[in-house]
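Undergrad: To start, I am sharing the structure in question, which I have written as structure tokens.
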Amino acid sequence: MINKTLPLLDLHRHLDGNIRPATIWQLATKNNIVLPATQLSDFIPHVQIQGSESDLLAFLKKLDWGVAVLKDLDDVKRIAFENVEDAFNAGLHYAELRFSPYYMSMNHNLPIAEVVAAVVDGIKIGMKTFNVNINLIGILSRTFGVKHCQLELDALLTHKNDLVAIDLAGDEYNFPGDLFVDHFKQVRDAGLNVTVHAGEAGGAKSVWQAINDLGATRIGHGVATIEDEKLMSYMVNNNIAIESCLTSNYQTGTVKDLATHPLKTFLKHGIKACLNTDDPAVQGIEIKHEYTVAQNVLKLSDKDTTQLQKNSIDVCFLSDTDKKQLVSTI
Numbered sequence: 068m069i070n071k072t073l074p075l076l077d078l079h080r081h082l083d084g085n086i087r088p089a090t091i092w093q094l095a096t097k098n099n100i101v102l103p104a105t106q107l108s109d110f111i112p113h114v115q116i117q118g119s120e121s122d123l124l125a126f127l128k129k130l131d132w133g134v135a136v137l138k139d140l141d142d143v144k145r146i147a148f149e150n151v152e153d154a155f156n157a158g159l160h161y162a163e164l165r166f167s168p169y170y171m172s173m174n175h176n177l178p179i180a181e182v183v184a185a186v187v188d189g190i191k192i193g194m195k196t197f198n199v200n201i202n203l204i205g206i207l208s209r210t211f212g213v214k215h216c217q218l219e220l221d222a223l224l225t226h227k228n229d230l231v232a233i234d235l236a237g238d239e240y241n242f243p244g245d246l247f248v249d250h251f252k253q254v255r256d257a258g259l260n261v262t263v264h265a266g267e268a269g270g271a272k273s274v275w276q277a278i279n280d281l282g283a284t285r286i287g288h289g290v291a292t293i294e295d296e297k298l299m300s301y302m303v304n305n306n307i308a309i310e311s312c313l314t315s316n317y318q319t320g321t322v323k324d325l326a327t328h329p330l331k332t333f334l335k336h337g338i339k340a341c342l343n344t345d346d347p348a349v350q351g352i353e354i355k356h357e358y359t360v361a362q363n364v365l366k367l368s369d370k371d372t373t374q375l376q377k378n379s380i381d382v383c384f385l386s387d388t389d390k391k392q393l394v395s396t397i
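Here the sequence shown is numbered in the working numbering, starting from 68 and rising by one per residue.
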């Protein structure tokens, strides 16, 4: 059960993985883009998971139509605004929305830095309209290689004052963290926080790389952490958090049975694990659903889910003053 005396947060939530199917449909019509269906109801299975996928890359393909219809910067601004509205409607008090500007720009050759600016503008307009606090995390899409990630980072750093962190996401197996050591030195030198997708498609080694080579203080998914007792102890002792996404981990095939998800073990070890959505529109879920899954499937207690909420507050990329302010508003 969600503890209503505490704020509700979502720290691992992809903006470009939360484009409404109806918006994709409308933008495709506006931009004369042919979709693989003649009506919205038939199109939804192309952009929303039906059950589960064979692996992470199959899951990620579901995101492609959402960015394929972004033909101009107003389209980008629209989906950013709608992400704020969705966060508000989900009952969130604070969310960190992450996005890959290169992934959003590539279909129609939009200037990457201008995509970042359009996202920032859409978020700011949304926050003036809806009572929810939002911060942004830029993503380097490792799937497109080292050089493209540098272009992406350059664009993100031109707007570093509008970001709280940089993430590394995409094909973890074929593009391991050690390829991006220099990128994340630049990130840390710029004064930004580091969160990295690791231990999802790769093993515990990927999590170690994210921490030791890239400087991550939060790990996205981190499922493979369960394989290494030393790693779990290190994360506890060094305050390294795990951004857990239950439904996503089942839908990507990272865990075959949700009841065996390691989140409960992480909490027992004292790891600062928190609960998040990942790609709400693609998954057809929202944050409250994840808390229901945590209790009904993983059999977490009310004390456990309250701890998840407390962990979210503790590890979010806000100053101590802003954290206290967030808690005081409830």
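Glycine included, every Cβ here is placed at the ideal spot set by N, Cα and C. Keep in mind the model is a prediction, meaning the values are calculated, not measured.
1. Is Leu365 near His328, with beta carbons less than 8 angstroms apart?
2. Can you find the residues in the same chain that come closer than 7 angstroms, C-beta to C-beta, to Val134, ignoring five residues on each side of it along the sequence?
3. Consult DSSP for Asp234 and reduce its assignment to one of helix, strand or coil.
4. Within the continuous alpha helix (DSSP H) that includes Phe148, where are the two ends?
5. For His79, which of Gln374, Ile116, Gly287 has the nearest alpha-carbon?
6. Which ranges would you report for the alpha helix (DSSP H) in the segment 271–311 if only whole runs of at least 4 residues count?
7. What does the Cβ neighbour count give for Ser395, buried or exposed, with the cut at 16 atoms within 10 Å?
8. How about Gly244 and Ala271: are their beta carbons less than 8 angstroms apart?
9. Run through the DSSP bridge pairs and tell me what Asp345 is partnered with.
10. Would you decide whether Met68 is buried or exposed? Buried here means 16 or more other CB atoms lie within 10 Å of its CB.
11. For the pair the segment 345–357 and the segment 305–315, tell me if three or more CB-CB distances fall below 8 angstroms.
12. Applying the 10 Å Cβ sphere with the 16-neighbour rule, what's the burial state of Pro347?
13. Report yes if the C-beta distance between Val261 and Ala232 is below 8 angstroms; otherwise report no.
14. Which stretch, first to last residue, makes up the beta strand (DSSP E) that contains Ser208?
15. For the alpha helix (DSSP H) containing His113, name the first residue and the last one.
16. Would you call the segment 197–215 and the segment 161–168 touching, i.e. three or more CB-CB distances under 8 angstroms?
TA: Short version:
1. For the purposes of this step, residue 365 is identified with residue 298 of the sequence shown, where counting begins at 1. For the purposes of this step, residue 328 is identified with residue 261 of the sequence shown, where counting begins at 1. Result yes, Cβ atoms of Leu365 and His328 sit closer than 8 angstroms.
2. One-based indexing of the sequence shown puts residue 134 at position 67. These residues qualify, in order along the chain: Asp83, Tyr170, Met171, Asn174.
3. Residue 234 sits at position 167 when you count from the first residue of the sequence shown. Note: Asp234 maps to strand in three-state DSSP.
4. The sequence position of residue 148 within the sequence shown is 81, counting from 1. That run of the alpha helix (DSSP H) goes 140–156.
5. On the sequence shown, residue 79 is found 12 positions in, with the first residue counted as 1. Closest option to His79, Cα to Cα, is Gly287.
6. 271–279, 296–304
7. For the purposes of this step, residue 395 is identified with residue 328 of the sequence shown, where counting begins at 1. That one is exposed.
8. Taking the sequence shown and counting its residues from 1, one reaches residue 244 at position 177. Taking the sequence shown and counting its residues from 1, one reaches residue 271 at position 204. It is not a contact, given that the beta carbons lie outside the stated cut-off.
9. The residue labelled residue 345 in the question sits at position 278 within the sequence shown. According to DSSP, Asp345 bridges with Arg80.
10. In the sequence shown, the residue the question calls residue 68 occupies position 1. When all chains shown are included, Met68 counts as exposed.
11. yes
12. Within the sequence shown, the letter at position 280 stands for residue 347. So Pro347 counts as buried.
13. On the sequence shown, position 194 is the one that residue 261 refers to. On the sequence shown, position 165 is the one that residue 232 refers to. In contact: Val261 and Ala232 (Cβ atoms closer than 8 angstroms).
14. Residue mapping note: residue 208 aligns to position 141 of the sequence shown, counting from 1. Counting along the chain, the beta strand (DSSP E) containing Ser208 begins and ends at 200–208.
15. Position 46 of the sequence shown, counted from the start, is the residue given in the question as residue 113. 107–114 is the extent of the alpha helix (DSSP H) around His113.
16. yes
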